[in-house]
Amino acid sequence: MRVLVTVSDQAWGGKHRYTLDVAAGLRAAGHDVVLAAERGGRSLDAWPEPVAAPVFRDHPEEAAAVLRERVGAPDVVCATGRHDAAVVRGLLREDGWPSALVLFRHSAFPLEQGEGTRWLLDRAGLVVATSWEQARAQFGDLVAARDPRLLVLLSGVRAGLADAVAALDRDRLRADLGIAPGQCAFAVLARLSWEKGIDRLLRAFALVAVDPAPVLLLVGEGEQRAELEALAASAGIADRVRFLGHHDDVLPVLAAADAAVLASTVPETGPLALKESMAAGLPVVAPAIGGIPEFVTDSCSGLLFADDDGLRDALTRLASSERLRELLGRGARAAIEEGHRLDRRVEHLLWRLDLLLAERGDVDRLLGELSWDEVRLRREADTGFVFVPRTSYLAELDAATHADVAQAVRAGDPALLLGTGSHPRRALVDQLYRMGALRRADTAAALVATA
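Per UniProt numbering: the sequence shown = residues 1 to 451.
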């Protein structure tokens, strides 16, 4: 299928990395993925042959013209921000694009109310939230109605991150950063902007009375850098706070660190930087807000805090106990490995997109991209059974439909289902796909290899 992914704003952070991870996963599965991002944004540099659009917020008509000319009407449009979604709305509504719409919502801030937002929500085939807390807060009506269009798709960590971190020379990296033996180093992977709470982190860090005194590694840039540097100096901790700037590759910092900290003051949905720190085996300190408690378990994979005193106490506990850091670090890594793998996230999204196309009636295209899994068939007098060993799903079909399925299975060609007249083909394909009888060949392997 042809998929357009739109990205608005010039910033670079977890939202953008999440979006590009999803887009890369769709491409690895064999789909034709076009990324449209704003000129001047870093997302353009991270994608091969992107479509550069004018700033969606300031020049919506020009941006729409670029998408019209460079992309045309794709099978699926994934809108990931407020301003690009507004441009997409015009293309769907006024130009009559027949594309399926997938509306991603990353922000912790409430959706703007209005006719445009209502139209997008009504038109969307999938509404993607990035945490359960966000889904309840921003899409409460969909949650209450158990609307099947609502999909909670948490961020995921690429395979191999832990091994890549372990392969680095930790002692050399720590020496390069001026971290003394036995000194606890806290990594902070965040933009230097107000919502990340770096100011309160610096104030709490200054009150941590541990010998040797810990070090803070700040990885990120932002408009508050000068203000935060001045705050560190006035608090008497400038010699223990490293402002490292933006790093495309944060693995060396994770290898050098002993723990990771997030001090956000807004309810973030599922900070990817925090999950990557956990995957690297680092215990984390984070606020008990937003989607964070959905993957950080207090005293198991990290320490959650409710206020500034709690932040100070959590920093003190980790800085003073190597044993606690090791224990929580093991729990953190296990939590990510067991439940937050990127390939599994993308595989589930692919499954939902296929079902969305089937629901919209695009069965011909879908069947042309699917193959049969191992399927066992048994015919009875008036019915027949289809069993999929991989999923353990069993379905009973009427005799005529079972005969149609058996013919398509024997021929190894799902497209033969298009010729059936004994059963609504869309419903039949949907049933067979949901039970695992039909699948995309080698999708999981391709996603793991790419990640």
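For every residue, glycine included, the Cβ atom is placed at its ideal position computed from N, Cα and C.
From a predicted model like this one, the values you see are computed outputs, not experimental measurements.
Original post:
Excluding sequence positions up to five away, which residues of its chain have a Cβ less than 6 angstroms from the Cβ of Gly270?
Top reply: Closer than 6 angstroms at Cβ, skipping near neighbours: Thr130, Ser131, Leu154, Ser155, Gly291.
Original post:
How long is the line joining the alpha carbons of Val448 and Ala332, rounded to whole angstroms?
Top reply: For Val448, the pLDDT reaches just 47, beneath the cut-off of 50, and the residue's location in the model is therefore unreliable, leaving the point undetermined.
Original post:
Relative to the C-alpha of Ala209, which residue among Ala314, Ala166, Gly281, Ile198 is closest?
Top reply: Of the candidates Ala314, Ala166, Gly281, Ile198, Ala314 places its Cα closest to the Cα of Ala209.
**OP:** Report the option in Val165, Pro214, Leu202 whose CA atom is closest to the CA atom of Ser234.
**Re:** In terms of Cα proximity to Ser234, the closest of Val165, Pro214, Leu202 is Leu202.
**OP:** Compute the Euclidean distance between the alpha carbons of Arg170 and Glu338, then round it to the nearest angstrom.
**Re:** One C-alpha to the other measures close to 25 angstroms.
Original post:
Helix, strand or coil for residue 533 per DSSP?
Top reply: This structure gives no information on residue 533, because the portion of the chain shown stretches from 1 to 451.
**OP:** Please list, in chain order, all residues of the same chain as Ala437 whose beta carbon is under 7 angstroms from its beta carbon, the five residues on each side excluded.
**Re:** Trp372, Asp373, Val375, Val386, Val388.
Subject >> Contact check, Ala273 vs Ala190, beta carbons under 8 angstroms >> reply: Ala190 sits close to Ala273, with the two beta carbons spaced by under 8 angstroms.
Original post:
Three-state secondary structure (DSSP) at Glu380?
Top reply: Coil, per DSSP.
**OP:** Note down, in chain order, each residue of its chain lying with its Cβ closer than 7 angstroms to the Cβ of Ala213, except the 5 sequence neighbours on either side.
**Re:** If you ignore the 5 residues before and after Ala213, its C-beta comes within less than 7 angstroms of the C-beta of Arg240, all in its own chain and listed in chain order.
Subject >> Burial state of Gln10, where buried means 16 or more other Cβ atoms lie within 10 Å >> reply: Exposed: under 16 other Cβ atoms inside 10 Å.
Original post:
For Leu35, does the three-state DSSP call read helix, strand or coil?
Top reply: Three-state DSSP puts Leu35 in a strand.
Original post:
So what's Asp309 in DSSP terms, helix, strand or just coil?
Top reply: When DSSP states are grouped into helix, strand and coil, Asp309 belongs to the helix group.
Original post:
In whole angstroms, what separates the C-alpha of Leu103 from that of Gly160?
Top reply: Here the alpha carbons of Gly160 and Leu103 stand approximately 30 angstroms from one another.
Subject >> Top-ranked residue by Cα proximity to Ala260, from Arg360, Leu303, Arg39, Gln407 >> reply: It is Leu303 whose Cα lies nearest to the Cα of Ala260.
**OP:** State yes or no: is the C-beta of Leu417 within less than 8 angstroms of the C-beta of Val429?
**Re:** The answer is yes: Cβ separation under 8 angstroms.
**OP:** Output the boundary residues of the alpha helix (DSSP H) element that contains Leu121.
**Re:** Leu121 -> alpha helix (DSSP H) spans 115–123.
Subject >> the segment 19–34 / the segment 89–97 touching (three or more Cβ pairs under 8 angstroms) >> reply: No, the segment 19–34 does not touch the segment 89–97.
**OP:** Report the option in Thr401, Leu370, Leu356 whose CA atom is closest to the CA atom of Arg378.
**Re:** Of the listed residues, the one whose Cα sits closest to Arg378 is Thr401.
Original post:
Name the DSSP beta bridge partners of Asp362, please?
Top reply: Per DSSP, Asp362 has no beta bridge partner at all.
Original post:
How big is the Cα-Cα spacing for Leu20 and Thr383?
Top reply: When only Cα atoms are considered, Leu20 and Thr383 end up about 46 angstroms apart.
Original post:
So, helix, strand or coil for Arg225, using DSSP?
Top reply: Helix.
**OP:** Tell me the start and end of each unbroken beta strand (DSSP E) in the segment 204–279 that is at least 3 residues and wholly inside, in chain order.
**Re:** List check, beta strand (DSSP E) in window: 215–219, 241–245, 259–261.
**OP:** Mind reading off the beta-carbon distance from Ile336 to Lys275? Whole number of angstroms is fine, and I expect it under 8 angstroms.
**Re:** Right, their Cβ atoms sit about 6 angstroms apart.
Original post:
With 16 as the cutoff for other CB atoms within 10 Å, does His38 come out buried or exposed?
Top reply: In the sequence on display, residue 38 carries Glu and not His. Label assigned to Glu38: buried.
Original post:
Do Arg68 and Ser8 have their CB atoms nearer than 8 angstroms?
Top reply: The Cβ atoms of Arg68 and Ser8 do not sit closer than 8 angstroms to each other.
Original post:
Among Ser277, Arg42, Met1, which one has its Cα closest to the Cα of Asp248?
Top reply: Nearest C-alpha to Asp248: Arg42.
Original post:
Is Arg440 helix, strand or coil when you go by DSSP?
Top reply: For Arg440, the three-state secondary structure derived from DSSP is coil.
Original post:
If we count the other Cβ atoms within 10 Å of its Cβ and call it buried at 16 or more, is Thr6 buried or exposed?
Top reply: Thr6 should be labelled buried.
Original post:
Residues in its own chain within less than 6 angstroms of His83 by CB, not counting five upstream and five downstream?
Top reply: Excluding residues within five positions, the ones whose Cβ falls inside 6 angstroms are Ser8, Phe56, Arg57.
Original post:
How would you write the range of the beta strand (DSSP E) that Asp398 sits in, first residue to last?
Top reply: Per DSSP, Asp398 belongs to the beta strand (DSSP E) from 393–398.
Subject >> Assigned secondary structure, Leu324 (DSSP; H/G/I helix, E/B strand, else coil) >> reply: Here Leu324 carries a helix assignment [DSSP, helix/strand/coil].
Subject >> N- and C-terminal bounds of the beta strand (DSSP E) containing Thr6 >> reply: Looking at the DSSP string, the run of the beta strand (DSSP E) that includes Thr6 is 2–7.
Subject >> Bounding residues of the alpha helix (DSSP H) (the contiguous stretch that carries Arg105) >> reply: From DSSP, Arg105 is part of no alpha helix (DSSP H) but of the beta strand (DSSP E) over 100–105.
**OP:** Quick one: using the 10 Å Cβ neighbour count with 16 as the cut-off for buried, is Phe186 buried or exposed?
**Re:** Buried, by the Cβ-count rule.
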